[in-house]
Each structure stands twice: as structure tokens, then as C-alpha cells.
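Worksheet for the structure shown next.
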Ligand code: GLU
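In our numbering, the protein residues as written are 699 to 1148.
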């Protein structure tokens, strides 16, 4: 039976589970429990538009597994949101939280909308309307949302406020990734990119890299992509290409990353929610209509997102959406190292090709776990009424990322498996311990050959 592509993402996500189970110390029950989500909420959200008309949007919130703690995971606003995709994303969150050892299970939410088509007031009404619909489902000790694709701190602030109004009690710990004055944590904004950066610093140490010789391409120049590029550039890495949904720019000598970020974010007036410029509209590509000063960036060549993935670089960082490296293009990926900052950028079929070609893939559930790790710090600060310094957050994040990276790297080496499988084995062992602690048939029916 052929599956609808978005259901296929979920089926594909579960394949990683089966493969990892061969190497993990698991009872059958753990696998059985992880094959389907705990609950799926499907909502409609009526929104009064600025012109007086009514539009009804659709959204989902999936709580995948809460054995290790409240379910945790972002809310995305995107026209292609589908329940199958949200289930896959919630499953990945479950594994991600276990990989970094934070006391959360996994969840995810999504609303089918192109948020760039909405006015700011419409966006606020939609954000509050979604919370109104899921307010009985979420909570600081049950399910804790956060930002994801096309949602940000301001939206999290609206959502926290709406939840607090409904429950008539200020509840900052219901959501993370909030603006700092509304209970957000210092260091949350760049945490996803920074977590990936700490993984790369470990590879640098293990492989003896000289940053000046390492050419990096970044697909996706949103929050995570921009920060990882900025941090690597500051350490002397050569960021030769970046792209966003409109296309990319290539400059073999290396891009001036801070300037590229500035140009991309130009047109973003204070308080605006979305960036209107693209990296390939700026003068690095020689756009005739562009009035910016290109001298300090240098000229670059416009390339497509597909071309960026296949560039001859040392490190490729997919930081956009799912299903970018597929069976179709995996054979043409020439970067020997792929750092998955996006969730699910590589399909399981593509995994095989990358493994055959000895490509080292630092998987999403490890490489992008910095975001949820600092979300945990934010939640803990909110629950306890503390406020940690940025240095404190960075230091704690670095400690966790470095430790988990090395554990997984070592596990991969010891068991002769790829890093993705090793990351799932590590996650499954932690989830398995929690499931076993509640008693499984090993305990209740010891005669059974469980
Ligand atoms: N959306 C982010 C992720 O996919 C962050 C989730 C969170 O902080 O809860 O990891």
C-alpha cells in the first residue's frame, strides 16, 4: 500500500526505531509503546480577519510519550503542516529529550497556515485562538510547547498570556522560548544553533581540524542556521554558502556572515514578526535592484537550495525542513560531514547511501537538541523563580552537548554503527529504563519470554 507522503514521514521515522532496537537493551514492550502517540488533538481555529471576514484554520497537538516527563516540543505555523508530519516531529522530540537526558517526553504542534500572509493582528488572533483550543491539553506539568518553524518569541509570549488568562493564573512555565521580559531564558534564542556548534567543536577536537580550512554550507538561514553560521564564522570557519526558501548564495572565499545576517534581516522593522528579505536578494548575488553596499561582503553566485546540498564542502548543515536529502540526491552529497540542524532532513533510504559513502551524519536528535535543552533550563527557572546568567546557560548547555555527543560518538565506534543509530540506541536505553521502572511483562509475567 502506498502511503500519503506525510504519513510516510512518520512510518520512515519509526524505521529508525526498529534499526536501533537491534542494538539497545530493550524489552519488546518499550518498542510497542513507542510505535504510536499517546494522544493526538485535532482542532479548528476560527479567526476574524482584518477585513471582517471569518477564516477557519486547522491545527494539531500531538503528545507522543510522557514516560520520562511532561511532553515537550514546538508549534510550527506552515502551509504544509500535516498530522503525519506532526506525529513524526513529536516522536523525534521524545527521542531528542532522552538523548540529552532532560526530564521530558516528546510532543509537537502545528497549524496549517502561511503566516507571512497574515497581518500582525491576525497572527496574534490565530496564536491565541490555537491556545484557546488546546488549553486543556497543555500545562507546565503535562505538555509544554515552544517555538518551531515560523513561530518565535513574540508568538510564545502571546500564547503564554492567553493560557494564563484562561486559567486566571500567570503561568510562564506552560511554554518556553518566550521573550526575556515575559519569563524567557537568556541564551534560548541561539540555543539550537549553539548546540550544533558545540557538536562541531567536538568534531574539530577529535579530527584535528583547522577551522580556516573547513568549508561549510548552510541550507536554511532562519534562527538556527544563522546562529550556527555566526558562531562558526567567528571561530574562523569558512562559510561558503547559505540559502533560504528563495534560494542561496555561494562564495568560495567565504561569506561575511554577520553582514549577510544583517542584510537578510533588513526590512525587519522593530516588532515585525517575519523577515522580508532573502539572502539571495542581497548584493552578494549582484542583484541589480539592490541598493546595499556589497563591498564588505564581496560578490557571490546565486545557487538553488538543491545545488547547495551537493556542493563540494567539508561540512554540510541542513537547517531548513524535513526530507531534503533523499534517495534521489543522497549519492550526490559530497560533504564528508553532515550536521542535521533541521528536524528530519534525511530520509531513511538516504541514510543507507550516506553510510555506504562513509559520510558522518550527526543526527538531528543530537545536533539540534540545544534548543530543547535550554527550553528545559527556561522551564526550570520559571518553576523555581530563578533567572540564570547567559554564561551560566552557555556553560550548562556546553556541558550537556559535549557529554552526550561523546557518549554517542563512542557508542557508534564500539558497536560499529552510524551515529544516528547510536543516538537512537542511547535514547531508547533511557526511555526503556523509565518504562521498565513502571514494570513490564519482565516483571508482571516473568515466565513470558519477554
Ligand atoms: N522546536 C524545537 C525543536 O524541534 C524546540 C523544542 C522545544 O524547545 O521544546 O527541537
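All C-beta atoms in this analysis are idealised placements derived from N, C-alpha and C, irrespective of residue type, glycine included.
Hey, how far is the Cα of residue 1047 from the Cα of residue 880? Here the question's residue 1047 lines up with position 349 in the chain shown. Here the question's residue 880 lines up with position 182 in the chain shown. Answer to the nearest angstrom: the Cα atoms are 43 Å apart.
Could you compute how far the alpha carbon of residue 726 sits from the alpha carbon of residue 1023? What you label residue 726 is simply residue 28 of the chain shown in a count that begins at 1. What you label residue 1023 is simply residue 325 of the chain shown in a count that begins at 1. So the two alpha carbons sit approximately 31 Å from each other.
Check whether the Cβ of residue 788 sits closer than 7 Å to any heavy atom of ligand 1, and report yes or no. Taking the chain shown and counting its residues from 1, the one referred to as residue 788 is at position 90. No - ligand 1 has no heavy atom lying nearer than 7 Å to the Cβ of residue 788.
Classify residue 1017 as helix, strand or coil using the three-state DSSP reduction. Translated into positions along the chain shown, residue 1017 becomes position 319. Coil at residue 1017, not helix or strand.
Could you tell me how far apart the beta carbons of residue 931 and residue 976 are, in whole angstroms, since I believe they sit closer than 8 Å? Counting from 1 along the chain shown, the entry for residue 931 is found at position 233. Counting from 1 along the chain shown, the entry for residue 976 is found at position 278. Contact flag wrong, Cβ pair sits at about 19 Å.
Measure how close the beta-carbons of residue 1044 and residue 1038 come, nearest whole angstrom, since I'm counting them as under 8 Å. Along the chain shown, one-based indexing puts residue 1044 at 346. Along the chain shown, one-based indexing puts residue 1038 at 340. With 8 Å as the limit, residue 1044 and residue 1038 qualify as a contact, their Cβ atoms being about 7 Å apart.
Helix, strand or coil at residue 995 according to DSSP, with G and I counted as helix: Counting from 1 along the chain shown, the entry for residue 995 is found at position 297. Note on residue 995: pLDDT 46, under 50, position unreliable in the model; the coordinate value appears next. Residue 995 falls in the coil class under three-state DSSP.
Length of the line joining the Cα atoms of residue 1115 and residue 1073: Your numbering for residue 1115 matches position 417 in the chain shown. Your numbering for residue 1073 matches position 375 in the chain shown. Each residue's Cα considered, the two are about 30 Å apart.
I'd like to check one pair, residue 1049 with residue 949: are the Cβ atoms closer than 8 Å? Here residue 949 is taken as the residue at index 251 of the chain shown, counted from 1. Here residue 1049 is taken as the residue at index 351 of the chain shown, counted from 1. Cβ atoms of residue 949 and residue 1049: not closer than 8 Å.
Taking buried to mean at least 16 other C-beta atoms within 10 Å of its own C-beta, is residue 808 buried or exposed? Counted from its first residue, the chain shown places residue 808 at position 110. Residue burial is scored here from C-beta neighbours: residue 808 has at least 16 other C-beta atoms within 10 angstroms and is therefore classed as buried.
Secondary structure of residue 988, DSSP reduced to three states: The residue you call residue 988 lines up with position 290 of the chain shown. Caution is warranted here: a pLDDT of 45 is assigned to residue 988, below 50, making its placement in the model unreliable, and the coordinate value is therefore given only provisionally. It is coil, neither helix nor strand.
Provide the residue(s) that pair with residue 845 in DSSP beta bridges, ordered along the chain. Here residue 845 refers to the residue found at position 147 of the chain shown. Answer is 773, bridged to residue 845.
According to DSSP, residue 807 sits in a beta bridge with which residue or residues? Taking the chain shown and counting its residues from 1, one reaches residue 807 at position 109. According to DSSP, which records beta bridges pairwise, residue 807 is partnered with 759 and 773.
Give a yes or no on whether the C-beta atoms belonging to residue 788 and residue 814 are separated by under 8 Å. Stepping through the chain shown from its first residue, residue 788 is reached at position 90. Stepping through the chain shown from its first residue, residue 814 is reached at position 116. Not in contact: residue 788 and residue 814 (Cβ atoms no closer than 8 Å).
Nearest to residue 1059 by alpha carbon, out of 834, 1110, 1135 and 925? By one-based count along the chain shown, residue 1059 stands at place 361. Nearest C-alpha to residue 1059: 1110.
Nonlocal neighbours in the same chain, by C-beta distance under 7 Å from residue 705, ignoring five residues either side: Position 7 of the chain shown holds residue 705. If we look at residue 705 and ignore the five residues flanking it on each side, its Cβ neighbours are 782.
Can you tell me which residues form a DSSP beta bridge with residue 1035? One-based indexing of the chain shown puts residue 1035 at position 337. According to DSSP, which records beta bridges pairwise, residue 1035 is partnered with 1013 and 1058.
Please determine, among 747, 749, 784 and 1031, the residue with the shortest C-alpha to C-alpha distance to residue 739. Looking up residue 739 in the chain shown gives position 41. Of the candidates 747, 749, 784 and 1031, the residue whose Cα lies closest to the Cα of residue 739 is 784.
May I ask you to check if the CB of residue 792 is nearer than 7 Å to at least one heavy atom of ligand 1? In the chain shown, residue 792 corresponds to position 94, counting from 1. Every heavy atom of ligand 1 is 7 Å or more from the Cβ of residue 792, so no.
Nearest to residue 798 by CA position, among 1068, 1009, 1080 and 896, is which residue? Position 100 of the chain shown, counted from the first residue, corresponds to residue 798. When each option's Cα is compared against that of residue 798, the closest is 1068.
Heavy atom of ligand 1 within 7 Å of residue 1061 beta-carbon: Here the question's residue 1061 lines up with position 363 in the chain shown. No, since every heavy atom of ligand 1 falls outside the 7 Å radius drawn around the Cβ of residue 1061.
Buried or exposed for residue 1102, please, with buried defined as at least 16 other CB atoms from any protein chain shown within 10 angstroms of its CB. Locating residue 1102 in the chain shown gives position 404, where the first residue counts as 1. Burial state of residue 1102 is buried, judged by a 10 Å Cβ sphere holding 16 or more other Cβ atoms.
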